[in-house]
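Number of protein chains: 2
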Amino acid sequence: MTLRQSLPPVLRQISVRAAMDVLLQEGPTSRATLAKKTGLSKQTMSEVIRALEESGWVRVNGIVSGKVGRSAITYEVAEDSGYAVGVDLGATTIRIAVVSISGSIVHESEHPTGGRAGEALIGHMHDLVEKCLHRAGIPFEKVLLGAVATPGVVDPVSGHLALAPNMAETGSLDVVRRLGEALGCEVVIENDVNAAALGETWKGCSAGLETAAFIALGTGIGLGMLVNGKLVKGARGAAGEISYLPFGADPYREDSLERGALESAIGAQGIVSRYRAAGGGEADTRQILEAAEAGEEPALSVIRETARLAALLIVSVDAMTDPEKIVLGGNVGRHPFLLSLIRAELPRLTRRMISLEPSALGPRATLIGAIAIALNQLHNALFSPQELPSEMRLPQARD
Amino acid sequence: MTLRQSLPPVLRQISVRAAMDVLLQEGPTSRATLAKKTGLSKQTMSEVIRALEESGWVRVNGIVSGKVGRSAITYEVAEDSGYAVGVDLGATTIRIAVVSISGSIVHESEHPTGGRAGEALIGHMHDLVEKCLHRAGIPFEKVLLGAVATPGVVDPVSGHLALAPNMAETGSLDVVRRLGEALGCEVVIENDVNAAALGETWKGCSAGLETAAFIALGTGIGLGMLVNGKLVKGARGAAGEISYLPFGADPYREDSLERGALESAIGAQGIVSRYRAAGGGEADTRQILEAAEAGEEPALSVIRETARLAALLIVSVDAMTDPEKIVLGGNVGRHPFLLSLIRAELPRLTRRMISLEPSALGPRATLIGAIAIALNQLHNALFSPQELPSEMRLPQARD
DNA sequence: ATTTATGTTCGGCACCTTGACGAACTATAA
DNA sequence: TTATAGTTCGTCAAGGTGCCGAACATAAAT
């Protein structure tokens, strides 16, 4: 079931890649049109398809007739030839999705963490993934790649979790290795907000854009960015850690150094405690948002201030990276009332037109992003020539 | 003298690219070692080199003997086979460099703008470029690409100048077309700070890094970023417009909307007027910096505050994009006293290790960056297969 | 029957590789 | 000094792979 038999038949790999690309993008296609779209000759395409069919990645889809001329045999990516698993490993919820190699979601489910952490959490996730695969009727061997999205900083070199604020013990454990052993395939890990950014750019409201940002406002706050179609991860995987932007609260305070100035202002905890300080009593962010929308006073000004600070954040993101669109997500960020307040605030802070929208995928954004990562990685591993740095490097400075 | 005779013999192009890449990176090389480094066979390499030699891009460099075995003929990129021109079109200074295709600088010079602007400025630049080429003894036909770096927002779609704060009239004029006509070749344009970021990453103190940031503090303030080795330009070319970050001054003020809150605080004008307001009288930033270093009081606190705000900026950049290194440039930013103040301030604002360094190229950073852009573009145009999107896209969302 | 589009067969070409070999040079020992 | 061994460079010849264009067979609508 493997495609590359020996080493570089580079040219064929390029052709295979081109064919798969069209098949994945546009669904069932005949060899003739495939040839047109890729620019390859018809009979090269026949050979490519034959190889793909023999190795099982592609199968006959049907016969298209009704148009003038000979009816065409269309081919499609064989759904059941391989699967990827995406996991959104959150603080309170684990979401799991199984996706076929062609990109359709076969199974999606949501489970409470039940307060588990560390080793117990990883074990639980492991059990859940197994259960999902079983329920979807997919044998383990068919799972070719896994992606886990989780809060925390992911080391871009090792791919391991370096710092997981909301999952205290988990940090040191090797999530990747554990799940990899269980699934018997490669597993990659990514920051949850980065994944969400990618998710929205795949199937959400920033779909198809090359340059987009996703801001999550919730328990924690975070930023995910795509530049030139790729995630911005940062040298140490800490890109998008906007908690530490130096406004919203006094950046010199101990608390700001610890949790971040901005997060202590507009993170969930910050909102709750500002509400309490304003005499609003005990309430969670949802309740405060609802009270604010109803016009109740301590809540309204707390949320107003939250919106004001969020607007500052948005203006900052826009100034630094000029995304085509900024998507607001997270439990707090998604709330329409907050969004309307932020939208009203923006023109007071900038003359630029900022395209701001609420997450279209809602709580699923991170999960969809995890799937996207897994799928993309899988497609590249299977169908892309491995070594081809097509851009030239700058000449070595030798003077 | 052109390489691609007809349509894509893709495979050969890949081989040519590989050979040129090694020759450019490592200088004179024999065919045998070239074969080893590229992984191609000696035979193929001989053919590739023959083609490159016949078309004039490569020539014999010499004979290496003294080692065991037959002595080798080494080949090198033919310096005089093509040139690129880089221009730093600043507000007060025009810098021009001519660089050979192999990356060595043939001619570099600096000229005052003499207060010219708009059409007059462009004409002047044009004359200067001609003069430089003449002085360097390079015929026009040998110039294959030009790159202009200039303040202002460069539209990534059209490549044209959209907004040039320090060159009022110039904005509407078509710099690219004018110089292109004069030189008879393609000309690209880029923001000056972006170019400087690239320059430092080519030959400066962030050399070789994939992820780096350059902050220019001077007449204006700006940020250039490289992520995954590529410039971050933004959807509308406005990435790095940190003037508009909402701190340093009240972001709601009319002035902040116009010129940007942060720029009105730590841009040259802002520093000068804060100094004046503190009773320091008339002085330019250089004088204020010197006075501050000498410990004179109104200057010292003005510069202290500038350093404090610059530190906030640096922490913001670090939080958002986590670069491996942040380089400080510009007339103000390069000053060692300011740098030491900023370095002292950083630990009070963050626990992260931020690698901050002064520009190694100084006022040449933008020019070197312009050269880098021109060279890279040229190499890709000449020696890289044109159509090869090696990364696979995500499948179209079809559900 | 004509037209039009699909898919296959065939001949040819471009490119790459392998293995063998001659050329050129150093090192070493008689 | 001279011969011999060992190493590396570069070329030649043979063989394979993959691509293309053209011609052709196939199949369906008009």
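From first to last, the protein sequence lines are chains W and F. No gaps in the numbering here: position 350 of the first sequence is 350 in the UniProt record's numbering, and each next residue is one more. No gaps in the numbering here: position 56 of the second sequence is 56 in the UniProt record's numbering, and each next residue is one more. Cβ atoms here follow ideal geometry from the backbone N, Cα and C, with glycine treated the same way.
Just to confirm before moving on: does the CB-CB distance between residue i and residue j stay below 8 Å?
i	j	result
T92 (chain F)	S30 (chain F)	no
A239 (chain F)	M320 (chain W)	yes
V99 (chain W)	G86 (chain W)	yes
A216 (chain F)	G330 (chain F)	yes
L245 (chain W)	S316 (chain F)	yes
G237 (chain F)	P156 (chain F)	yes
V188 (chain F)	A147 (chain F)	yes
S390 (chain W)	S15 (chain F)	no
L126 (chain F)	R178 (chain F)	The sequence given here has His at residue 126 (chain F), not Leu. Taking 8 Å as the Cβ cut-off, H126 (chain F) and R178 (chain F) qualify as a contacting pair.
G103 (chain W)	L375 (chain W)	yes
G260 (chain W)	S273 (chain W)	no
G325 (chain W)	L231 (chain W)	For the record, residue 325 (chain W) in the displayed sequence is Lys; it is not Gly. Their beta carbons are not under 8 Å apart, which means K325 (chain W) does not touch L231 (chain W) by this criterion.
A84 (chain F)	G199 (chain F)	no
G220 (chain W)	V327 (chain W)	no
G270 (chain F)	P298 (chain F)	no
P358 (chain F)	T211 (chain F)	no
L338 (chain W)	A307 (chain W)	yes
T38 (chain W)	A18 (chain W)	yes
I314 (chain W)	L361 (chain W)	no
From the DSSP output, read off the bridge partner residues of residue i.
i	result
M225 (chain W)	W:A213
P251 (chain F)	DSSP output for P251 (chain F) lists no bridge partner at all.
L319 (chain W)	First, the amino acid is wrong: residue 319 (chain W) is Ala here, not Leu. Per DSSP, none; premise fails for A319 (chain W).
L349 (chain W)	Per DSSP, none; premise fails for L349 (chain W).
K325 (chain F)	F:A212
K230 (chain F)	F:V227
Y83 (chain W)	W:S100 and W:V143
A72 (chain W)	W:V64
Once DSSP output is grouped into helix, strand and coil, what is the label at residue i?
i	result
S158 (chain F)	coil
A261 (chain W)	helix
I354 (chain F)	coil
K142 (chain F)	helix
E296 (chain F)	coil
P112 (chain F)	strand
A149 (chain F)	strand
H124 (chain F)	helix
T2 (chain F)	Unreliable placement is indicated for T2 (chain F), whose pLDDT of 29 sits below 50; the coordinate value is still reported in the next sentence. Coil.
D88 (chain W)	strand
I266 (chain F)	helix
R276 (chain W)	helix
H335 (chain W)	coil
S243 (chain F)	helix
T33 (chain F)	helix
E54 (chain W)	helix
Going along chain F in order, which residues have a C-beta closer than 9 Å to the C-beta of residue i?
i	result
G240 (chain W)	A319, M320, T321 and D322
So with CB distances below 7 Å, who are the chain F contacts of residue i?
i	result
K230 (chain W)	N228
P246 (chain W)	L312, V315, S316 and L349
P139 (chain W)	The premise fails here: P139 (chain W) is roughly 23 Å from chain F at the closest Cβ pair, so nothing lies under 7 Å.
N376 (chain W)	M392 and L394
D21 (chain W)	M392 and R393
Residue i touches chain F at which residues, Cβ-Cβ below 8 Å?
i	result
G234 (chain W)	T211, T321, D322 and P323
V10 (chain W)	L11 and I14
P251 (chain W)	L312, V315 and L349
Who are the neighbours of residue i on chain W, taking C-beta pairs under 7 Å?
i	result
Q25 (chain F)	R393, P395 and Q396
R343 (chain F)	The premise fails here: R343 (chain F) is roughly 16 Å from chain W at the closest Cβ pair, so nothing lies under 7 Å.
Below 8 Å on C-beta distance, what does residue i contact in chain W?
i	result
A370 (chain F)	What A370 (chain F) touches in chain W: nothing, since even the nearest Cβ is about 13 Å away.
P223 (chain F)	It should be noted that the sequence gives Leu, not Pro, for residue 223 (chain F). Simply M320.
Can you pull the chain W neighbours of residue i, defined as C-beta to C-beta under 9 Å?
i	result
N380 (chain F)	S390, E391 and M392
S384 (chain F)	S390, E391 and M392
R334 (chain F)	Under the 9 Å cutoff, chain W gives no residues; its nearest Cβ is about 20 Å from R334 (chain F).
*At a Cβ cut of 8 Å, what residues of the stretch 95–108 of chain F count as close to chain W, listed as they run along the chain?*
S102, G103, S104 and I105
*Can you list, in chain order, the residues of the stretch 191–213 of chain F whose Cβ is nearer than 8 Å to any Cβ on chain W?*
W202, K203, A207, L209, E210 and T211
_For the stretch 144–163 of chain F, list every residue whose C-beta sits within 8 Å of some C-beta in chain W, in sequence order._
none
*asked:* To be precise: take each residue of the stretch 253–285 of chain F, compare its Cβ to all Cβ atoms of chain W, and keep it if any distance is under 7 Å. Which residues remain?
replied: L257
*the UniProt domain "HTH marR-type" (23–59) of chain W: which residues have C-beta closer than 8 Å to a C-beta of chain F, in chain order?*
L24, Q25, E26 and G27
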